[in-house]
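Quick note, the sequences are listed as chains R and L, same order.
Its first residue numbered 1, the first sequence is counted upward by one per residue in this note's numbering.
Its first residue numbered 1001, the second sequence is counted upward by one per residue in this note's numbering.
Where a beta carbon is used, it is the ideal one built from N, C-alpha and C, also for glycine.
Take a look at the structure set out below.
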Amino acid sequence: MENEDPKNEDYSFLEEDRMKMYFADLNIKLLSGRHLQSDEYNLFTILGDYYDEFKSFYNNLYKLNLVRDTYDNSVYYYLDFFEGSKGKLTDPSRIKTLTEWQTVAGLMLLDMYYSRYFEDPKQIKWQDIKYEIEAGDKKETYQSLFFKSVRTGFTPNEWTEVEKKFRNTVQSFHELGWVNKVSGQNEELLFELKPSIHRIARLYEKELLNFQDFVSHFKTALEQ
Amino acid sequence: MWNDEIYSDYELLLPLRFDGGYLIITLYTKIKNKELGAYFSTEDIKLVLEEIAAYHNEGTSQSERIIKNLLHYFLRNVPDEYGKFYLTDYAIQLAELLEYKLNNPYKTYPLKESFDKYFTLRQNEIKTIQDLEIKFGREFVSGHKRIINNHIEALEDELTAAYEQLNTILSADEEDATSMVKKFTAVFKKFGERAEDITNAISSKDNFLRRLRLRTDEFYAQASDLKHAESEEDKSKLSKAQSDWKTATEINNDLSYFFKTVDTKINHIRKQILKASGKLTELQENFSRRSNFRLLLKKLFHLCLHNASNRNGVIQLHTNFPCKQIVCEKQQLFYPEYYDFELSTKNQLLSIPRDREYEEEQRREIEKEIKRQEIINFWIDESKKLLISQGALHLPALMDKIVEKEKDLAIAQNVAIELSQFAAENPNYKLEIIQQLQSLEHDNLYLWKMKIQKTKTTVF
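Here it is as structure tokens:
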């Protein structure tokens, strides 16, 4: 997927009155990694109206790919790197690598999105996550991962520690636009999964397309 | 009020599945089916526990420990018969509640019929306030309200169960799932019928509430007719009519509130039915692709979990399981004037100390300016008087005179400008300018010869 789009270098659309009001916000949010959906109405509408222009704009000036993706009948926009390139953001401070915790939690939330496929909105409480860890299908794996041991019960302190990490992850996903955090600081964690959480699956698209190769690569690595 | 004692007993009230939960249910079922008597022995309990363990492929639980946990709330010793037990009323009620919840009889019963059965008001059915109270008074309808609520709850449960089944399809094998989706379409057709039933029920309820309100208004009309009561008899009738109306209003308000809560729940159910139906259609369209994708995602997640471990509270992924990168440029404000920062700014009041020197200086400046203005006005007045008396005025000479007296050219200039303007605006005067330079005596300034001349007799 290379940047082969025709070079439209007409940026006069930026002189529109609406741009004066929203461009800075739009640009900052997209560059900070946010996934924009219809709940951010003004920015979403502008992106819809000037999608081609913005695509050329980010392609030409940032060497980044503005993606319009649809999942679960909802459109969302985000900036992505072209394959094999980091565009103008080669400085490591301009790239965010998802941490291991975020990767695990992200895939876990994506799994929960699917298991709530028929629900709307897809709300998750801390109790739901706790249930998955305590009594879900993968309880042993979760417990050894989050608590380092598989037991029938954990101390309140241990739970607080894990909850804190989930809170931080949900907060960072909220900033990325993957979830909508509903609860306040001192309330029980409550958030909605947004269709844009599907971006996690997009990130692993290559691995999923050639899943057998990916798995065999792992098996080889494990045997060595 | 909840206290520590209640919290400490909480777990004893709801035993875990293999810690007595399944045992109580099995004992209840066996007693109900006459497989066991009302009194049963420790041996019977052991046999039931073995049966449960075999059924669920679990190890047999310790019967002594479980009996000890269940004693008091769920099991009681039969007096004078050692080793014999019976189920407590609480245990029986709990099992009945579970049974009722899982096999709710209203699941297959139309909601409209429940509404019609308990909340119908026929013409001339209510003659007195007692009739209304007996039929719809708070204590008389509480049972009916519970039935309606149970009915709605049953609908919600049915919906939730269907969701769970549909979600199972998503993770099932493709071939089976496709046929299962077809079966579920039938389930959702039933939901469509339920939606229709709900709509009918709402219409029936609206009808009932309208009639009830009309009947309440009739009680009001009775009281209203007697409002001019004078005789003692009429007054006592009025008092009774008012009390009747008050009671009728309370009943009306109580039922209106109840149906409002019913409306909220029904709306929620309708919304869920619509959403789920939409999803089902969508799912059928691209089921095979999505199911396959979902399966792969599950495998990926499984792989990720098995490659992750916790080291000192930090999760680590082994064998280079890829952690992905996303765009994350730090915020840079290229066009700050177009950006609404929405930052809360604090207002600070700074108390500036008094600068006496500056104050004096400014005061002197202001006074000087005022004085200069006064002098200018004085000279303008004087010059005009001179113009009237002499009929003509030589501006350079006048300016020379002012400069000599006031030692300030600006004053002379201002006077000259004012007078020129006066002459230009006034048709009785004209300004003659001869383009011949003439120097002022008291200042190094050259001017053309300028003279203001009176054209005819003027009175100021």
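- Think of a sphere of 7 Å around the beta carbon of Ala1276(L): the chain R residues whose beta carbon falls inside it are Phe118, in chain order.
- Between His198(R) and the set Ser1243(L), Glu1164(L), Ile1147(L), Phe1293(L), the nearest pair of CA atoms involves Phe1293(L).
- Look at Val1141(L) here: in three-state DSSP terms it is helix.
- Residue-level contact by beta carbon holds for Tyr1163(L) and chain R, with a gap shorter than 9 Å.
- If you look at Val104(R), you'll find it in the alpha helix (DSSP H) that goes 100-115.
- Contact check between the region 1036-1044 of chain L and the region 205-214 of chain R: fewer than three CB pairs, one atom from each, fall below 8 Å, which does not count as touching.
- As computed with DSSP, Tyr1109(L) is found in no beta bridge at all.
- If you keep only unbroken beta strand (DSSP E) runs of at least 3 residues inside the region 1024-1104 of chain L, you get 1039-1041, 1075-1077, 1084-1087.
- At a C-beta separation below 7 Å, Glu1329(L) has these neighbours in chain R: Leu31, Ser32, Leu89, Arg94.
- Taking 3 residues as the shortest admissible run, the region 160-195 of chain R contains the following complete beta strand (DSSP E) segments, listed from N- to C-terminal end: 179-181, 190-193.
- For Thr70(R), the enclosing beta strand (DSSP E) starts and ends at 64-71.
- Of all residues in the region 183-208 of chain R, only Ala201, Leu203, Tyr204, Glu207, Leu208 place a beta-carbon less than 7 Å from a beta-carbon of chain L.
- For Lys139(R), no CB of chain L lies under 9 Å from its own CB, so it is not counted at the interface with that chain.
- The beta carbon of Tyr11(R) does not come within 9 Å of any beta carbon belonging to chain L, so the residue lies off that interface.
- Rounded to whole angstroms, the gap between the alpha carbons of Leu1226(L) and Leu1238(L) is 6 Å.
- Not flagged as an interface residue toward chain R: His1151(L), since no C-beta distance is shorter than 9 Å.
- Counting only the Cα atoms, Leu193(R) lies some 8 Å from Leu109(R).
- Within chain R, the residues placing a beta-carbon under 8 Å from that of Ala1308(L) are Glu100, Val104, Leu145, ordered along the chain.
- Distance from Asn1414(L) to Ile1376(L) at the Cβ level is roughly 5 Å; contact confirmed, criterion being Cβ atoms closer than 8 Å.
- Distance check between Leu1212(L) and each of Tyr1163(L), Glu1096(L), Asn1252(L) places Asn1252(L) closest, using alpha-carbon atoms only.
- DSSP places Thr45(R) inside the alpha helix (DSSP H), whose first and last residues are 41-49.
- Sequence-distant Cβ neighbours of Gln171(R) in its own chain, meaning closer than 7 Å and more than five residues away, are Lys181.
- A Cβ of chain L is located within less than 9 Å of the beta carbon of Ser115(R).
- Residue state for Asn1253(L) is assigned as helix, using DSSP reduced to three classes.
- For the region 40-67 of chain R, the beta-carbon criterion of a distance under 9 Å to any beta-carbon of chain L is satisfied by Tyr62, Leu64.
- Near chain L, meaning a CB-to-CB distance below 7 Å, the residues of the region 147-172 of chain R are Lys148.
- A straight-line Cα-Cα distance of about 13 Å links Gln1438(L) and Leu1398(L).
- Closest by C-alpha distance to Glu1329(L), out of Ile95(R), Ser196(R), Leu203(R), Thr160(R), is Ile95(R).
- The C-alpha of Glu1035(L) is placed about 57 Å away from the C-alpha of Asp1244(L).
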